[in-house]
């Protein structure tokens, strides 16, 4: 089966997710600098979620580039991943809107939930890759060889777990950790690119 | 006429439908677990509607994969199907928001309407398949042979009808039936896949 | 220049327009039949606007199918058409929400504005076709021959004008006329289809 | 790596951005001409932002048309540009909603922020072009030769800077300058088009 529509649908969902989050950026009622700057956590979380969707799109692009065939199992693994990503606008909005006891910000529980959805999206990557390998040459195929062993795929879930564990003690550190993982990923997956497009 | 744009437009509409439903997931104002868990029916119905859109996308992908030609009749049959799917966010929102007499939840009428739109979307599949068969070799063509006889296409409308009939007596059972149909469909349509990509 | 992206962008905009209109379908607060049926004008106008976007998508599909080349002028003519279509959700919402003096519904001015945007969208079709003819063989080229002379393209603007003129006297008749034009167009543009896909 | 998905994702994001801005066009509650006309600044800013997204889409189309290869760096440069464009709905909404001291409209700070985001989007075009040149033949390649030297790319940021500087003294003139830059750009980039499609 052709991978074109799977890519097109994924592009569509990610494009909508990345842009409906901007609807959360409610303009302040006053035309003053304090009013604008008072919005900074909302803006920061928008940047972070934008980066995460960009990272998933980028990695999906790289991954599908190597795959030649898809099947029903791949399609459902892909939808499963899109499901968790589609929750980013919800967790981002809750992180921004709900303050903890005594006005604590970010609040512990929304910080924990934000990280949990990041973790579940990261884990949903695993069955997607597995189903793609399965139909594209197996553990010894071109896809498996090109992917090799990615340390980032191990570091991210571990960091999310640490951040989730810290959410009730130091939620601000959890948020810093979420940002750190994003920064690690922004460097695109050189493994595949090197494989496909060796520099002259 | 080329089927590419029909697929692209369908992908676009389904991608928007699947993601605007997330706008219904209003984050609770309080950063507490009860506030989050109090949202569970909204979340459950989001999952259900996400699954249904995913199922339609999947089946549409499989169906169009076999078709080689489309015409104006196919395009309108497809738009007709998209119309009913575009109502999913509305029926999902009403199911979530409106409580019945004495606070009954789910309320009977929204449960009935939710199922009726599912039924109408399922029925709109029939003229779409028929118009595609008509232009792709007729009742004896490759499309018709590959589709064969799908028991799911008969079981789903019957189950919806039972669920609709139960809506005023036991709406919670209706909702369970809607979920059961979704689960039945999540197994992708093996008939076409087997036909197109026989396992080695 | 390649027409693929022009089609993809148009598909994207129309897919978003057709589905954000559903956000106007606010579910009633009560779970009762009168509450649902009280929404009927909103629902009717959703159906009408859905049909109009579907018609534009269909005709655009047919038109671009014949075109082989596009240029900057075509791209701006296309964006100009998309602009008027992007106003459909606004005019649909105003038609639904604003009542006239003494609660008159539909109110005259929103009815007039709804029709004016339909008229402007219809008129924006003319420079789009002209710019496409210009770059695809001119007045004697395949595109021009296939398009020929379409009576619908003359009847629609005339009917809109009548409906607009009637908006202050009988807005309900204006709305009926808008629906009549939609029904006329739902029959796809046979001229092009016959040309491209002659029946065997 | 193939440029198709980069184009498709960009088309998706721009299509969503251009159409969610219409959600800002709240229909007036009254069905009267003054109520409609009182909306004119909102409408004018919608037209302006629509034009800007259209310009970016057009120029992106022209640019990618010449490029043959993309890599990870191009993908991030492209996402960076999309980020600033995704803020257009926010800055447009703030410009429309917030009045300055003594009801001044447009208010200075939102005018300044609107222009700053336009400036940052314009500047984000530079690394995108650079990364594309780098992978498509370098400073002497076909892409670099076709792009040549574009005076518009120098005039726009300079004009934005002047408009930003004027925002606190004469915000209305700033807005006029934003419109002037849009009009300059609406003439598509003839350099590339001439290069690719010389008139016979």
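Chains as they are written, first to last, in this note's numbering: chain A, 324 to 523; chain B, 324 to 523; chain C, 324 to 523; chain D, 324 to 523.
We put the beta carbon where it would ideally sit given N, CA and C, even for glycine.
About 6 Å separates the beta carbons of residue 342 of chain C and residue 343 of chain B, which is inside the 8 Å limit, making them a contact pair.
Inter-residue distance for residue 455 of chain D and residue 332 of chain D is about 17 Å (C-alpha atoms, whole angstroms). Here the C-alpha atom of residue 345 of chain A lies approximately 21 Å from the C-alpha atom of residue 444 of chain A. Among the CB atoms of chain C, one or more fall inside 8 Å of the CB of residue 341 of chain D.
When the alpha-carbon of residue 457 of chain A is set against those of A:391, A:366, A:442, the nearest one is in A:391. Cβ proximity to chain D below 7 Å picks out 373, 377, 380, 381 from the stretch 367-381 of chain A. By the rule that beta-carbons nearer than 8 Å mark a contact, residue 328 of chain A touches chain B. Under the 8 Å Cβ criterion, the stretch 351-367 of chain C counts as touching the stretch 418-429 of chain C, having at least three qualifying pairs.
Contact between residue 498 of chain D and residue 434 of chain D holds: CB atoms are separated by about 6 Å, below the 8 Å threshold. Bounds of the alpha helix (DSSP H) holding residue 414 of chain B are 411-420. Looking only at D:475, D:369, D:490, D:336, the smallest Cα-Cα distance to residue 408 of chain D is reached by D:336. The Cβ of residue 463 of chain A sits no closer than 8 Å to any Cβ of chain B. With the rule of 3 Cβ pairs closer than 8 Å, the stretch 423-439 of chain D counts as touching the stretch 349-357 of chain A. Following the DSSP letters along the chain, one finds residue 453 of chain B inside the alpha helix (DSSP H) bounded by residues 431-458.
Listed along the chain, the chain C residues whose CB falls inside 8 Å of the CB of residue 509 of chain D are 399. If you draw a straight line from the Cα of residue 400 of chain D to the Cα of residue 328 of chain D, it comes to about 15 Å.
Here the alpha carbons of residue 374 of chain D and residue 509 of chain D stand approximately 8 Å from one another. Sequence-ordered contacts of the stretch 440-461 of chain B with chain C are nonexistent [C-beta pairs closer than 8 Å]. Residue 438 of chain D and residue 383 of chain D have their C-alpha atoms roughly 20 Å apart. DSSP, read as helix, strand or coil, puts residue 392 of chain A in coil. The alpha-carbon separation between residue 413 of chain C and residue 361 of chain D amounts to approximately 15 Å. Taking the C-beta atoms as reference points, residue 472 of chain A is found no nearer than 8 Å to residue 466 of chain A. Around the beta carbon of residue 488 of chain D, fewer than 16 other beta carbons sit within 10 angstroms, so the residue counts as exposed. Nearest CB-CB separation between residue 418 of chain B and chain A: not below the 8 Å threshold. The continuous alpha helix (DSSP H) containing residue 334 of chain B extends over residues 327-343. In the structure shown, residue 463 of chain D adopts helical secondary structure according to DSSP, grouped into three states. For the options D:503, D:398, D:359, the alpha carbon positioned closest to that of residue 450 of chain D is the one of D:398. The C-alpha of residue 485 of chain C is placed about 19 Å away from the C-alpha of residue 447 of chain C.
DSSP places residue 493 of chain B in no alpha helix (DSSP H); its state is neither H nor E.
341, 342, 343, 344, 345, 346, 348, 349, 350, 351, 352, 353, 354, 355, 356, 358, 359: these are the residues of the stretch 340-361 of chain D whose beta carbon lies less than 9 Å from some beta carbon of chain C, given in chain order. Counting the other Cβ atoms within 10 Å of the Cβ of residue 380 of chain D gives 16 or more, which makes it buried. At a cut-off of 8 Å between beta-carbon atoms, residue 413 of chain B makes contact with chain C.
Across the structure, residue 330 of chain A and residue 395 of chain C are spaced so that their CA atoms are roughly 28 Å apart.
Below the 7 Å Cβ cutoff, chain C contributes 354 as neighbours of residue 433 of chain B, in chain order. Rounded to whole angstroms, the gap between the alpha carbons of residue 493 of chain A and residue 388 of chain D is 49 Å. Judged by beta-carbon spacing, residue 482 of chain A lies beyond the 8 Å limit of residue 452 of chain A, meaning their Cβ atoms are not closer than that value.
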